[in-house]
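Chains as they are written, first to last, in the working numbering: chain B, 1 to 320; chain U, 321 to 485.
All residues carry an ideal CB built from backbone N, CA and C; glycine is no exception.
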Amino acid sequence: MKTFEYRGATGLDDGLEPGAMFLGGGTNLVDLMKLGVATPDVLVDVNRLGLDAITDLPDGGLRIGAGVRNSDLAADPRVRERYPVLSGALLAGASGQLRNMATTGGNLLQRTRCRYFMDATKPCNKHTPGSGCPAREGDHRNLAILGASEHCVATHPSDMAVALVALDAVVNTSGPAGERSIPVTDLHRLPGDEPDRDTVLDHGELITSVDLPVLGVAAHSFYRKVRDRASYAFAVGSVAAALSVEDGVVRDVRLAWGGVAHKPWRARLAEERLRGAPAGRESWLAAADAELAAARGLRDNTYKIGLMRNLTAWVLEHLS
Amino acid sequence: MRLIVNGAKHELDLDPRTTVLDALREHLGLTGAKKGCDHGQCGACTVLLAGRRVNSCLLLAIAHQDTEITTVEGLAGHPVQQGFLDHDGFQCGYCTPGQICSAAGMLDEVAQGRPSAVTEPHDHDLLSDTEIRERMSGNLCRCGAYPNMVPAIRQAAAQAQETPR
């Protein structure tokens, strides 16, 4: 590990000197530092900024402090009752130990687990721009089928973020340039020709909280994740959905996919197909197909197209 | 640098890169917590941080100076230790300190009513075999001694209920 200076953040608008990074729970960053993929000169610890509360918003929504641990968020009774898809997504991710450290802000900003990105000795346009992408011809079984570019086929690894995208959550940030709010759907980028940039955040811009809006349909929501073993593995594909059906017709729906793209994928084309459609397997499959029309598989991950089709139908059927 | 481990305060002169795991093993002589993968994937390094189970290989010591750390050495006599002895919950023993710390932390989570990925809404049995396996999935055992760990943990849970610690 490259050596670094350590200091505690003194305020929300502290910002970061060049070469510095924020340290939250550290469950991803410390690992990447050991691997030589992250090489910060300075670590600015944000754990003592008091960002660890979940508070009720006046309109009935919830504000989640960026420092709230994944395990505490998953166990919060308000989240379990009003946004079960979020609790389910959090509990489907990582392990008890990791969830006790990992923070809400850090979970959103975790990096891909693509094996070429995780290996500082391999070419990778994400850790070394311009060095190439061996994944396209190499190991890409668990990489993207949607929104990828010739420069990067990585997937975003978070489960939590998939639920937040489905729930129309908003991140609030603070930095030297001031404060702003960004829908989580717009926080993460597609790789394009700049795969080294995961998000739209500026250097030194700190996520301070995530707001969950009032969303009636969210009380009837579910997260299902497919992985290579029964627990404690990243998704090969996942579905976050909220659904309300009245008189056999879809009244409202939210749908997002994980493990298929460089960002948590809000399936808006499928949602459009579903609103007003008769509830049933034919509608579920037609909606999934509409979203998957743009999917492009590589040699070893084309199976994900069929997997997401079936998984989406299963989750919507389960909720209907 | 200060570390508070098993109730004792220690003054140490450590490189900022030192993890809690390395501080425990290399500088404090507490070799109970094991280095397995050193990347947060195996759970052998599990300790309790302010009573909550965490992977000590992913904690920078410099960032955790004022929080009580409990290692397996600090859990001597815990019902989980007795459970593992009574049910032969190990083979080679390398993962065992992490399993014991993890199980101790997990039982506290269950006592607080915290859900797991397999908890159904309004489910009240948070310690079924399925629950124990899911909740302990962050601790790998290459010997595959899992079948005996499940009753070991079940026994510890029952004992903990009888005699609250």
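Going by Cα to Cα distance, which pick from B/Arg141, B/Leu164 and B/Ala163 is closest to B/Val153? Position 153 of the first sequence, counted from the start, is the residue given in the question as residue 153 of chain B. When C-alpha distances from B/Val153 are compared across B/Arg141, B/Leu164 and B/Ala163, the shortest belongs to B/Arg141.
Starting from the N-terminal side, write out each stretch of the beta strand (DSSP E) that is 3 residues or longer and does not extend beyond the region 386-424 of chain U. You should have 388-390.
Does the separation of the CB atoms of B/Ala169 and B/Val236 fall below 9 Å? Your numbering for residue 169 of chain B matches position 169 in the first sequence. Your numbering for residue 236 of chain B matches position 236 in the first sequence. The Cβ atoms of B/Ala169 and B/Val236 do not sit closer than 9 Å to each other.
Sorted by chain position, which residues of the same chain lie with C-beta nearer than 6 Å to B/Leu86's C-beta, five sequence neighbours on each side aside? Here residue 86 of chain B refers to the residue found at position 86 of the first sequence. Cβ within range, chain order: Val79 and Ala163.
Look at the Cβ atom of U/Gly425, then the Cβ atom of B/Asp31, and state whether they are nearer than 9 Å. For this step, residue 425 of chain U is matched to residue 105 along the second sequence. For this step, residue 31 of chain B is matched to residue 31 along the first sequence. The criterion of a C-beta distance shorter than 9 Å is not satisfied by U/Gly425 and B/Asp31.
Taking only beta-carbon atoms, is B/Val30 less than 9 Å away from chain U? Start at 1 with the first residue of the first sequence, and residue 30 of chain B comes out as number 30. Yes, B/Val30 counts as interfacial toward chain U.
Using beta carbons (cut-off 9 Å, strictly below), is B/Glu17 in contact with chain U? Here residue 17 of chain B refers to the residue found at position 17 when the first sequence is read from its first residue. False, the Cβ-Cβ gap to chain U never drops below 9 Å.
Min CB distance U/Arg455 to chain B below 9 Å: Translated into positions along the second sequence, residue 455 of chain U becomes position 135. Yes, U/Arg455 counts as interfacial toward chain B.
Local conformation of U/Glu331 per DSSP, three classes: Along the second sequence, read from residue 1 onward, the residue named residue 331 of chain U stands at position 11. Three-state result, U/Glu331: strand.
When B/Leu90, B/Asn301 and B/Ser238 are compared against B/Arg224, the one with the closest alpha-carbon: Residue 224 of chain B sits at position 224 when you count from the first residue of the first sequence. Among B/Leu90, B/Asn301 and B/Ser238, the Cα nearest to that of B/Arg224 is on B/Ser238.
For the region 66-75 of chain B against the region 98-106 of chain B, are there 3 or more C-beta pairs whose distance is under 8 Å? Flag = yes, the region 66-75 of chain B and the region 98-106 of chain B touch.
Going by the CB atoms, is the gap between B/Leu255 and B/Leu316 shorter than 9 Å? Sequence index remark: in the first sequence, residue 316 of chain B carries index 316 (1-based). Sequence index remark: in the first sequence, residue 255 of chain B carries index 255 (1-based). Closer than 9 Å, so yes.
Do we get a CB-CB distance below 9 Å when we pair U/Glu440 with the residues of chain B? Walking along the second sequence from the start, residue 440 of chain U turns up at place 120. Chain B contact via Cβ: absent.
Work out the CA separation of B/Ala75 and U/Arg434 for me, nearest whole Å. The residue given as residue 434 of chain U occupies position 114 in the second sequence. The residue given as residue 75 of chain B occupies position 75 in the first sequence. Answer to the nearest angstrom: the Cα atoms are 5 Å apart.
Starting from the C-beta of U/Pro399, find all residues in its chain whose C-beta is less than 6 Å away, skip the five residues before and the five after it, and write them out in chain order. Sequence index remark: in the second sequence, residue 399 of chain U carries index 79 (1-based). The answer, listed in chain order, is Ala476, Gln479 and Ala480.
Give me the residue from U/Gly352, U/Asp428 and U/Gly403 with the minimum Cα distance to U/Thr391. Along the second sequence, one-based indexing puts residue 391 of chain U at 71. For U/Thr391, the nearest C-alpha among the options comes from U/Gly352.
Can the beta-carbon of B/Asp193 be found less than 9 Å from the beta-carbon of B/Ser149? Numbered from its first residue, the first sequence carries residue 193 of chain B at position 193. Numbered from its first residue, the first sequence carries residue 149 of chain B at position 149. Against a cut-off of 9 Å, the Cβ pair of B/Ser149 and B/Asp193 comes out as a contact.
Buried versus exposed call for U/Leu405 [16 or more other C-beta atoms within 10 Å across all chains shown]: Counted from its first residue, the second sequence places residue 405 of chain U at position 85. By the neighbour-count criterion, in which a residue is buried when 16 or more other Cβ atoms sit within 10 angstroms of its Cβ, U/Leu405 is exposed.
Comparing C-alpha positions only, which one of B/Leu167, B/Asp139 and B/Ala166 sits nearest to B/Thr155? Reading the first sequence from its first residue, position 155 is the one you call residue 155 of chain B. Closest option to B/Thr155, Cα to Cα, is B/Asp139.
Inter-stretch contact at 8 Å, needing at least 3 Cβ pairs: the region 38-53 of chain B / the region 178-197 of chain B: Flag = no, the region 38-53 of chain B and the region 178-197 of chain B do not touch.
Alpha helix (DSSP H) segments (min. 4 residues) lying fully within the region 147-193 of chain B: Fully enclosed alpha helix (DSSP H) runs of 4 or longer: 160-166 and 184-187.
In or out: B/Glu205 buried (at least 16 other Cβ within 10 Å) or exposed? Taking the first sequence and counting its residues from 1, the one referred to as residue 205 of chain B is at position 205. So B/Glu205 counts as buried.
Is there at least one Cβ from chain B nearer than 9 Å to U/Ala437's Cβ? For the purposes of this step, residue 437 of chain U is taken as the residue at position 117 of the second sequence. Any Cβ of chain B closer than 9 Å to the Cβ of U/Ala437 would place that residue at the interface, and such an atom is present.
Cβ of B/Phe4 within 9 Å of any chain U Cβ: If you number the first sequence from 1, residue 4 of chain B lands on position 4. Yes, because at least one Cβ of chain U sits closer than 9 Å to the Cβ of B/Phe4.
Among the residues of its own chain, which have a CB less than 6 Å from the CB of B/Ala102, if the five just before and after it don't count? Against the first sequence, residue 102 of chain B aligns to sequence position 102. Around B/Ala102: Gly25, Thr27 and Asn70.
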